[in-house]
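What follows is a single structure, written as structure tokens, with notes after it.
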Ligand SMILES: Cc1cc2nc3c(=O)[nH]c(=O)nc-3n(C[C@H](O)[C@H](O)[C@H](O)COP(=O)(O)OP(=O)(O)OC[C@H]3O[C@@H](n4cnc5c(N)ncnc54)[C@H](O)[C@@H]3O)c2cc1C
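Residue numbers (full-length UniProt numbering): 1 to 410.
Next up, the structure:
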């Protein structure tokens, strides 16, 4: 059985509590757009970006390298609303806004298979999906079938967080949730319970909450400014904020979909979310790889460049192997979802591979950088942290492994 319901919210990049200003631009030199473009065509293997998407992918790559990466420290620090707004306006002006969204919502209507190449490029910066408006895709998908608010979500004016995981029940088995939803005389619902590790709950306008109604687990939209919705505390993960514990004490909920069908509603969102996240992890791993490559070629011991030492070469080889073997798995999921086919096993395989890959590649890059790789002047600690978190969020590795293995062995 698929276990779809494992939270996580790519809408909300980590707010890095330890990020310093990158004072020494020499240490953390993200490759220029031109360098990335050359390396893109040489390094990453199949699948290649199809010709009709190449220009768009290159424009996104350039925008991320030149307009988003230089502002990362400010965006990490949080509260940079004006900056985010300005960058979003630039993305709109360059016709790079909301590329995977349907045209009637102001998007470019890319298929998932085409958007996959763009998403990989966006992934180079944790902030790029929010700047480029593609984070709305998940919410548009859920709301598109079940409720209103669509246009405001697509314009980036309304954001959702996803509240499923609870302190006292295993998130790997969401059917066990204990948050309750009680029907009210006027047709509304009253929600009671506790959720945690809800990404972006402090900034979201609405929470998609999974709660147990009399008819079974159901999905509800709850306004985050409603009475009864309380942020209890922030839960930093390895130094990064952005996840919250919250309590629901009679918070009003609007049913999304049918009562008792909540696992299906949030499952749809999570399945697409896993693909989008895997694509962005590929982009992040490529960034770590390029930093490692540059460091290995620039830094020398008395015995020669790091790049000339076989143990460094082995790290580089293994990292490239991880990226190249993961890419086809992830892109295959995009093709299957476009074709409306069952992609449960493929998604599980891709998710486990992509999480391991990001952890491995960022770890290798840190090793080649030496202490500077753990310090505040490169994005490597943040990339490594994402790789570590990746093995838990959206379902721990073990869940995906056992799910696929059981099906194969049945
Ligand atoms: C950065 C981050 C962001 C997150 N964002 C959100 C969010 O926005 N909304 C939200 O609702 N949740 C979010 N989560 C929570 C996440 O979805 C859960 O942590 C995840 O689903 C696992 O649930 P759990 O933590 O309760 O672990 P548990 O379910 O208790 O699992 C603990 C461990 O048990 C083992 N295990 C579990 N299942 C199996 C199995 N089938 N076979 C063998 N071993 C198994 C694994 O080792 C697993 O790591 C986030 C988590 C992180 C780290």
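Beta carbons: idealized from backbone N, C-alpha and C, even for Gly.
Just so you know, these numbers come straight off a predicted model, no measurement behind them.
Residue i versus the options, residue with shortest Cα-Cα distance
i           : options            : result
residue 215 : 263, 60, 374, 224  : 263
residue 197 : 226, 222, 243      : 243
residue 239 : 160, 375, 173, 322 : 375
residue 201 : 186, 222, 191      : 222
residue 224 : 254, 235, 236, 111 : 254
residue 112 : 34, 138, 94        : 138
residue 47  : 396, 249, 233, 120 : 120
residue 251 : 334, 184, 314      : 184
residue 59  : 204, 351, 246, 33  : 33
residue 78  : 203, 372, 322, 53  : 203
residue 190 : 41, 302, 228, 205  : 228
residue 90  : 73, 165, 63        : 63
residue 313 : 245, 295, 302      : 295
residue 154 : 94, 49, 188, 104   : 104
Sequence-distant residues of its chain with Cβ nearer than 8 Å to residue i (five each side left out)
i           : result
residue 362 : 284, 285, 288, 380, 383, 384, 386, 387
residue 281 : 123, 354, 355, 357, 358, 386, 387, 390
residue 71  : 80, 83, 87, 127
residue 300 : 306
residue 259 : 213, 214, 215, 216, 218
residue 17  : Reliability of the predicted coordinates at residue 17 is poor, the pLDDT of 43 falling under 50, and the value obtained from them is presented with this limitation in mind. Counting only Cβ-Cβ distances below 8 Å, and skipping sequence neighbours, we find 236, 239, 240, 241.
Beta-carbon contacts of residue i that lie in its chain and below 6 Å, excluding the five residues immediately before and after
i           : result
residue 353 : 326, 329
residue 319 : 289, 361, 364
residue 102 : 109
residue 179 : 193, 211
residue 373 : 366, 380
residue 412 : What is shown of the chain runs 1 to 410, which leaves residue 412 out entirely.
residue 297 : 307
C-alpha distance - residue i paired with residue j, whole-angstrom precision
i           : j           : result
residue 170 : residue 176 : 7 Å
residue 96  : residue 31  : 21 Å
residue 163 : residue 199 : 8 Å
residue 218 : residue 290 : 44 Å
residue 355 : residue 393 : 10 Å
residue 370 : residue 182 : 55 Å
residue 108 : residue 117 : 14 Å
residue 36  : residue 213 : 51 Å
residue 404 : residue 270 : 17 Å
residue 143 : residue 307 : 50 Å
residue 231 : residue 407 : 40 Å
residue 140 : residue 151 : 9 Å
residue 317 : residue 106 : 42 Å
residue 248 : residue 158 : 21 Å
residue 402 : residue 349 : 11 Å
residue 99  : residue 115 : 7 Å
residue 396 : residue 339 : 27 Å
residue 8   : residue 208 : Note that residue 8 scores a pLDDT of 37, beneath 50, so its modelled location is shaky; the value from the coordinates is reported in the next line. The alpha-carbon atoms of residue 8 and residue 208 are separated by roughly 12 Å.
residue 410 : residue 335 : 26 Å
Spatial neighbours of residue i in its chain, beta-carbon cut-off 7 Å, leaving aside the 5 residues before and after
i           : result
residue 156 : 88, 133, 136
residue 347 : 271, 274, 275, 333
#### Entry: Inside the segment 321-348 only - alpha helix (DSSP H) runs reaching at least 4 residues
For the segment 321-348, not a single whole alpha helix (DSSP H) run of length 4 or above is found.
### Message
Please give me, in chain order, every unbroken run of the alpha helix (DSSP H) with length at least 4 that falls completely inside the segment 92-133.
### Response
Within the segment 92-133, complete alpha helix (DSSP H) segments of at least 4 residues are found at 112-122, 128-131, given in chain order.
### Message
Report the start-end ranges of each beta strand (DSSP E) in the UniProt domain "Acyl-CoA oxidase/dehydrogenase middle" (161-242) that is 3 residues or longer and not cut off at the edges.
### Response
The qualifying runs are 180-183, 189-199, 206-213, 216-223, 229-234.
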